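See below for the structure under consideration.
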Amino acid sequence: MSYSAMTNNIKCSKTKHVQGFGSLLGYLPFLLTILIGGGIIICYCVAISLKHVEPAFPYISDTGTFPPESCIFTLCLNCAAVVALAIFTLKYLHIIQYNRDASRRVRIVNKAALITGYVSAFGIMIVGAFQETNVLAVHVIGAMMAFVGGTVYMFLIASLGFMRDVNFAVDERKYAKARMIMAVVSLISFIIMMVCTNISLGLWEPYDDNSSRLLWNSRDKGYDVHLVATAFEWVMALDLLTFLMTFSAELHIIQLQCVLVRQNGNTYPSPTISDYSNTNRNLLQHEYQP
3 MSYSAMTNNI KCSKTKHVQG FGSLLGYLPF LLTILIGGGI IICYCVAISL
53 KHVEPAFPYI SDTGTFPPES CIFTLCLNCA AVVALAIFTL KYLHIIQYNR
103 DASRRVRIVN KAALITGYVS AFGIMIVGAF QETNVLAVHV IGAMMAFVGG
153 TVYMFLIASL GFMRDVNFAV DERKYAKARM IMAVVSLISF IIMMVCTNIS
203 LGLWEPYDDN SSRLLWNSRD KGYDVHLVAT AFEWVMALDL LTFLMTFSAE
253 LHIIQLQCVL VRQNGNTYPS PTISDYSNTN RNLLQHEYQP
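Mind the numbering: the sequence shown is residues 3 to 292 in this note's numbering, read in order.
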């Protein structure tokens, strides 16, 4: 079973419209920002009040390491990962819809973006499910999946805006330069974060018995380098969320429907995606066929 364009060989199929989700899809990036940003802020406030982390730029994961904030952290990140999967899928399908005769290069970049987006979303799930104090190795793998996958996704999507043979639902080329800048910022931030993290951990010496790698003291050796690392991790997270917010205009004109398709006496659910903008209401649909 696979996605395919609606063709003449199913003209005899009887279809029944079941349900549609219109321009509300444009709010998915905002929902993602609320889940991740709001969840982290709540966890940060709880962790600070309970003195689980330092007030000045802890690592994002540190804010959700201990209960009760770890419960909120896991819930918000898992919900955010599901929303991210939806955004990545819709973006992929919409590019297909506008580029049915696209070059092989466009198809490869679009599919690669979908794969790296999925890797990033599953990495977010892993980060939320495996706290660093419980299973550090798995937590680190999840973080690398989220950050590296997200950064590669940003570069791939930004590159599509520079390809002359790519069509878009809205004029996305006006976002191309901004998206590429955000992708470069994410890459630079990742490199700085990794280098400074390794340096700070190598330099770290606790000032007193109250210091730990979750509760750094400003007098700990390597503290300044540690702050640089944590600050750039926050920059990366904010940068990725801002990048996905640029999808809002495109997602606003997508109409996602579920249709019952009757073929040879059997009824199958068929999700479709179509453009309901004022300028083009009759764009071809994608149909899910057994």
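The beta carbon of each residue, even a glycine, is placed where N, CA and C say it ideally should be. Model, not experiment: these values are computed from the prediction.
Neighbourhood of residue i by C-beta, 6 Å cutoff - its chain only, sequence neighbours within 5 removed
i    : result
E71  : C45, V48, A49
C198 : V227, V230, A231
R175 : G163
A145 : V129
Beta-ladder partner(s) of residue i, from DSSP
i   : result
I97 : Beta-bridge pairing links I97 to no other residue.
I43 : Per DSSP, none; premise fails for I43.
Supposed close pair residue i, residue j - CB separation, criterion 8 Å
i    : j    : result
F249 : I89  : 6 Å
M238 : S191 : 4 Å
N112 : Y94  : 6 Å
I128 : C78  : Actually they are not in contact, since the Cβ atoms of I128 and C78 sit about 14 Å apart, beyond 8 Å.
Chain-order list of residues whose beta-carbon lies under 7 Å from that of residue i (same chain, five-residue window excluded)
i    : result
T232 : F59, P60, Y61
T118 : G151, V154, Y155, L158
Check whether residue i and residue j have beta carbons under 8 Å apart
i    : j    : result
L34  : A86  : yes
I42  : T67  : no
V121 : M147 : yes
G224 : L242 : no
H141 : S63  : yes
A185 : I126 : no
L253 : L52  : no
V168 : A104 : yes
F132 : M195 : no
T91  : G130 : no
P31  : M247 : yes
M165 : V108 : yes
First and last residue of the uninterrupted alpha helix (DSSP H) at residue i
i    : result
E252 : 250-254
F59  : Taken as a continuous stretch (DSSP letters only), F59 belongs to no alpha helix (DSSP H), as it is neither H nor E.
E235 : 225-247
Y120 : 106-131
I193 : 175-205
V150 : 138-162
P31  : 30-35
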